[in-house]
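In the working numbering, each residue carries its 1-based index in the sequence shown increased by 3.
All residues carry an ideal CB built from backbone N, CA and C; glycine is no exception.
Predicted, not measured: the structure shown is a model, and the values here were computed from it.
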Amino acid sequence: MRLAKFLARAGVASRRKAEELIRTGRVKVNGKVVTQLALRVDPERDQVEVDGQRVILPPKVYYLFHKPPGYLTTLSDPHGRPTIAEFLKGLPPGVFPVGRLDRDSEGLLLLTNDGELAQRLLHPRYEIPRIYRVWLVRPPREDLLQRIRREGLEIEGRKVFPEEIRLIKRNRRECVYEVRLREGRKREVRRIFAAAGSQVKRLLRVAFGPLRLGDLPPGKIRPLRPQELRVLRGLFGLPSAPEGDDSIPPGPEDFPSRAPNGCQACCARESRFLR
Numbered sequence: 004m005r006l007a008k009f010l011a012r013a014g015v016a017s018r019r020k021a022e023e024l025i026r027t028g029r030v031k032v033n034g035k036v037v038t039q040l041a042l043r044v045d046p047e048r049d050q051v052e053v054d055g056q057r058v059i060l061p062p063k064v065y066y067l068f069h070k071p072p073g074y075l076t077t078l079s080d081p082h083g084r085p086t087i088a089e090f091l092k093g094l095p096p097g098v099f100p101v102g103r104l105d106r107d108s109e110g111l112l113l114l115t116n117d118g119e120l121a122q123r124l125l126h127p128r129y130e131i132p133r134i135y136r137v138w139l140v141r142p143p144r145e146d147l148l149q150r151i152r153r154e155g156l157e158i159e160g161r162k163v164f165p166e167e168i169r170l171i172k173r174n175r176r177e178c179v180y181e182v183r184l185r186e187g188r189k190r191e192v193r194r195i196f197a198a199a200g201s202q203v204k205r206l207l208r209v210a211f212g213p214l215r216l217g218d219l220p221p222g223k224i225r226p227l228r229p230q231e232l233r234v235l236r237g238l239f240g241l242p243s244a245p246e247g248d249d250s251i252p253p254g255p256e257d258f259p260s261r262a263p264n265g266c267q268a269c270c271a272r273e274s275r276f277l278r
């Protein structure tokens, strides 16, 4: 990987600040000062120092996070809007979200510093399923839903085909669907129901690949269980843990819920759908 990326992953500095460290001659690789931004390093073989201090990558870690609504799925925002970074304080350096949920959506996000796994999970060729529970303002037109199931829907110049759209509950008070997708196009679920004459009131991701949200409260983070990690990495023929990494990430008690007032109650009333 590029040297600046290595330094950022190790938690030394942001990518931009890491590049400045390199330019100013504060970084050594195998005992020699380097100033080339394009230099690539092998974390297993090369010795990297900043201001004379050895830099190593932290062990790979994997967490489930229940993102509450109202937060951007990014670690910083130039406009000062709330981001999920508020919930990630105390996690090891270099942890990032795999994929995105839009600001008004909620539910399961995988957090990790394992770039190889993240890249595979998001690559379209692997078709990792995502499952959403969708609360609607009003029932959609069934004829339009059938057309979308049959013919797909064009989003950003490309046809998308939901794998499944299933009615879960419908009465005078609410209309709830479950949607299963094999890719993550921008606002895909909301666009599907808009095309069917309805509007999404609440959107909750309950599954990503083999991972399930379960009853994890909004704003809460927990480490993946060994079996979850085994199955997740096994999708791509990877060992259950990165080679040489037998460390155990901090437990869920180390990351108390920081959900804003009302988020807990918001999801609690629908908890029967999360199990």
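Asked	Found
Whether Leu24 touches Pro46 by CB criterion (8 Å)	no
Phe211 - partner residues in DSSP beta bridges	Arg133, Leu214
Secondary structure of Leu139, DSSP reduced to three states	strand
Rounded distance between the beta-carbons of Leu10 and Val53, thought under 8 Å	7 Å
Sequence-distant residues of its chain with Cβ nearer than 7 Å to Leu214 (five each side left out)	Leu67, Leu111, Leu113, Glu231, Leu235
Contacting residues, own chain, Cβ-Cβ under 8 Å from Ile87 (five flanking each side not counted)	Phe68, Lys70, Tyr74, Leu75, Thr76, Thr77, Leu78, Pro100, Leu112
Residue from Glu22, Tyr135, Asp105, Gln56 with nearest C-alpha to Val209	Tyr135
Chain-order list of residues whose beta-carbon lies under 7 Å from that of Ser201 (same chain, five-residue window excluded)	Leu139, Val140, Arg141, Pro142, Pro143
Cα-Cα separation between Val163 and Val179, rounded to whole angstroms	21 Å
Proximity below 8 Å, CB of Pro221 to CB of Glu89	no
Buried versus exposed call for Asp249 [16 or more other C-beta atoms within 10 Å across all chains shown]	With a pLDDT of 41 at Asp249, under the threshold of 50, the modelled position of that residue is not reliable, and no figure is offered here.
8 Å Cβ cutoff met for Gly13 and Gly83	Reading the sequence as shown, one finds Ala at residue 13 and not Gly. Contact: no.
Residues near Lys8 in its chain [Cβ-Cβ closer than 7 Å; skip 5 each side]	Arg18
Pro165, DSSP secondary structure in three states	coil
Alpha-carbon to alpha-carbon, Arg152 and Pro62	43 Å
Which of helix, strand or coil DSSP assigns to Gly160	coil
Contact the segment 179–188 vs the segment 26–42: 3+ CB pairs below 8 Å	no
Which listed residue (Val15, Ala16, Met4, Gln50) has its alpha carbon closest to that of Arg43	Met4
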